[in-house]
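Working notes, structure below.
In full-length UniProt numbering, the protein residues as written are 1 to 309.
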């Protein structure tokens with residue numbers, strides 16, 4: 001589960017450097033995404049960073065070019081910046097997600113057939129995992145949006161949120177997260193099984209363990225790309241909603257309360273292509289991450305089963 005974060009980190013670092021889906025002209029923060037978690041920074045704190053990353057007169061649209069520039073200026077370690085805090089939050093979340101998914105899928109297979117079982121299990125597992133970590137994600141993003149002199153501890157921020165807005169405020173912003181991640185998981189796991197069946201018909205490696213790893217990797221890659229593209233509009237909405245607290249223009253698309261209101265506002269004011277902003281970096285990030293994660297997970301399960309027998 002850690003392997004996907006380690007193996008796929010350069011693309012998320014590139015996405016953060018480009019500021020994909022990050023600029024909110026009415027807000028005082030940037031929302032960056034490193035692949036497994038969002039990060040918020042005050043604009044005045046990172047203005048120099050973006051000037052250095054994208055010099056004047058040069059666009060930062062070329063993915064491979066930007067990766068190369070980061071490697072040249074910061075070294076190979078620069079491609080993995082921010083990996084440690086990502087793992088601290090992502091590993092328990094992913095462990096809970098896969099555990100719930102496997103248990104639900106095994107239970108549902110005796111009740112429903114076809115792609116329904118993996119889709120329902122995936123959606124339910126993501127619902128449980130996202131809900132469990134939502135308060136900690138909210139506290140982290142709120143702290144990141146503050147200037148360093150005003151930042152406190154996780155406990156202090158959570159306490160301040162509860163005192164100001166009540167216990168339910170700890171799950172503020174969960175709705176757009178679920179709109180993105182629950183459909184993604186449903187599409188991903190149902191597609192994963194279908195691609196796996198096609199793989200079984202076309203490819204027959206002699207070694208059983210190698211076959212299982214190749215099947216998981218290819219299925220995860222294809223299913224991850226398809227699900228990521230399909231849910232990109234909800235990723236855009238989630239990013240916009242993250243900065244709701246800092247919007248000063250109440251007429252902005254971000255100020256709309258419901259997810260569908262925000263989708264309609266973005267499409268009307270910025271055009272339909274805006275709903276797919278950052279789609280290519282998202283595909284570049286999500287597809288290999290899904291392949292590495294599920295490939296590692298399935299291979300590890302095979303090893304444990306072999307040791308148990």
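We treat Cβ as the ideally placed atom computed from N, Cα and C, and that holds for glycine.
Item: Whole-angstrom Cβ separation of residue 182 and residue 170, contact assumed at under 8 Å?; Value: Their Cβ separation, rounded to whole angstroms, is 19 Å, which puts residue 182 and residue 170 out of contact at 8 Å.
Item: Using the beta-carbon count (16 or more within 10 Å), is residue 111 buried or exposed?; Value: exposed
Item: May I have a chain-ordered list of the alpha helix (DSSP H) segments no shorter than 4 residues that lie completely inside the UniProt repeat "Solcar" (113 to 198)?; Value: 116 to 145 and 154 to 165
Item: For a test of the three-state rule: what should DSSP assign to residue 266, helix, strand or coil?; Value: helix
Item: Nearest-angstrom Cα distance between residue 217 and residue 188?; Value: 13 Å
Item: Output the distance between the C-alpha atoms of residue 300 and residue 291, rounded to the nearest integer angstrom.; Value: 14 Å
Item: Measuring only the C-alpha atoms, how far is residue 94 from residue 164?; Value: 31 Å
Item: Say whether the region 258 to 265 touches the region 190 to 198, bearing in mind that this needs 3 or more beta-carbon pairs closer than 8 Å, one atom from each stretch.; Value: no
Item: In its own chain, which residues sit with a C-beta less than 8 Å from the C-beta of residue 120, not counting the 5 before and 5 after it?; Value: 104, 108, 112 and 186
Item: When the Cα atoms are used, what is the spatial distance from residue 21 to residue 230?; Value: Below a pLDDT of 50, predicted positions are generally treated as unreliable, and residue 21, at 37, falls in that range; the measurement from the model is reported next regardless. The alpha-carbon atoms of residue 21 and residue 230 are separated by roughly 16 Å.
Item: Tell me the DSSP secondary structure of residue 65 in three-state form.; Value: helix
Item: Is it buried or exposed for residue 202, if we count other Cβ within 10 angstroms and need 16 for buried?; Value: exposed
Item: Cα separation between residue 214 and residue 208?; Value: 10 Å
Item: Going by DSSP, what residue range makes up the alpha helix (DSSP H) through residue 219?; Value: 208 to 230
Item: Out of 127, 166, 233 and 265, point me to the one whose CA is closest to residue 96's CA.; Value: 127
Item: How long is the line joining the alpha carbons of residue 70 and residue 281, rounded to whole angstroms?; Value: 16 Å
Item: Please report the distance separating the alpha-carbon of residue 130 from that of residue 270.; Value: 29 Å
Item: Would you kindly check if the distance between the Cβ of residue 289 and the Cβ of residue 221 is under 7 Å?; Value: no
Item: Of the choices 294, 295 and 239, whose alpha-carbon is the least far from that of residue 276?; Value: 239
Item: Are residue 74 and residue 212 closer than 7 Å when you measure CB to CB?; Value: no
Item: How many whole angstroms separate the CB atoms of residue 223 and residue 283, which I take to be in contact at a CB cut-off of 8 Å?; Value: The Cβ separation is near 12 Å, so there is no contact.
Item: With the cut-off set at 7 Å, would you say residue 101 and residue 122 are in Cβ contact?; Value: yes
Item: Since residue 180 and residue 234 are thought to touch, with beta carbons under 8 Å apart, how far apart are those beta carbons, to the nearest angstrom?; Value: 4 Å
Item: Excluding sequence positions up to five away, which residues of its chain have a Cβ less than 7 Å from the Cβ of residue 295?; Value: 213, 216, 217 and 220
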